[in-house]
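Peer 1:
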Amino acid sequence: MRPGHRRNAFSGLVIGYALTFLAKEEIKPGQKYFMWLERLFRLTIILVLLWSIGTAKAMILPFILGIIIGFFLKLRYLYLGIGLAAASALSLELFVLIAALILVYGLPYGSISSKLKLPLHAVFFFIPVLIMLFFSPNNTASLLAFVAGALVLQN
205 MRPGHRRNAF
215 SGLVIGYALT
225 FLAKEEIKPG
235 QKYFMWLERL
245 FRLTIILVLL
255 WSIGTAKAMI
265 LPFILGIIIG
275 FFLKLRYLYL
285 GIGLAAASAL
295 SLELFVLIAA
305 LILVYGLPYG
315 SISSKLKLPL
325 HAVFFFIPVL
335 IMLFFSPNNT
345 ASLLAFVAGA
355 LVLQN
């Protein structure tokens, strides 16, 4: 696993939280724009994850399973952590792209999310990353399809 990139990917959320303190008066009127940006970046992450796995038919089941579990468990940073950990088995270019997208995603999400959730997001994000340090993902494509599905219904 590439240690610097996983920290950098999570730092977008921290920077987004910091923006709410630095620009308090701009956050309220910009709320709807932050929500649209968050959705756009989440869609981009989903599309890149699906594009990176390539084979469509074999990934339908993990994708649908991800949608079902994501509907009940709204733990987007757990799914992003799993996605980043699984992406570490991909080429360096794809891994850096996914890490950068997670970083950019965190900026608007951190601006509109509750400030009390930052420690919880950190735990959920780094648990899969730490687990993947010791266990190499056997089926990276299935994990990425699951994560893409789980992110679909997050709101």
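Taken in order, the sequence shown gives residues 205 to 359; the numbers are from the numbering used here. Positions of the beta carbon are idealized from the N, C-alpha and C atoms, including for glycine.
(1) Is DSSP giving Met-205 helix, strand or coil here?
(2) Would you check if the distance between the CB atom of Ile-306 and the CB atom of Leu-284 is smaller than 7 angstroms?
(3) Identify the continuous alpha helix (DSSP H) that holds Gly-270 and give its terminal residues.
(4) Sort Gly-270, Ser-346, Lys-321 by Cα distance to Leu-294 and report the nearest one.
(5) Quick check on the DSSP output: what are the complete alpha helix (DSSP H) runs of length 4 or more inside the region 294-353, in order along the chain?
(6) Quick one: what does DSSP say Ala-260 is sitting in, helix, strand or coil?
(7) What does a CB cutoff of less than 7 angstroms around Met-239 pick up in its chain, not counting 5 residues either side in sequence?
(8) What is the DSSP secondary structure of Lys-232, counted as helix, strand or coil?
(9) For Ala-227, name the three-state secondary structure that DSSP assigns.
(10) Measuring straight from C-alpha to C-alpha, what distance separates Leu-277 and Leu-226?
(11) Whole angstroms is fine: what's the gap from Gly-220's alpha carbon to Pro-266's?
Peer 2: Looking at the coordinates:
(1) At Met-205 the pLDDT is 48, less than 50, meaning the model places this residue with poor confidence; the figure from the coordinates comes in the next sentence. Note: Met-205 maps to coil in three-state DSSP.
(2) With contacts defined by Cβ atoms closer than 7 angstroms, Ile-306 and Leu-284 form a contacting pair.
(3) Start and end: 264-276.
(4) Here the closest residue by C-alpha is Ser-346.
(5) Correct list: 296-316, 322-338.
(6) Here Ala-260 sits in coil by DSSP.
(7) The residues are Ile-316.
(8) Note: Lys-232 maps to coil in three-state DSSP.
(9) If DSSP states are grouped into helix, strand and coil, Ala-227 belongs with coil.
(10) Whole-angstrom Cα-Cα distance: 31 angstroms.
(11) Each residue's Cα considered, the two are about 31 angstroms apart.
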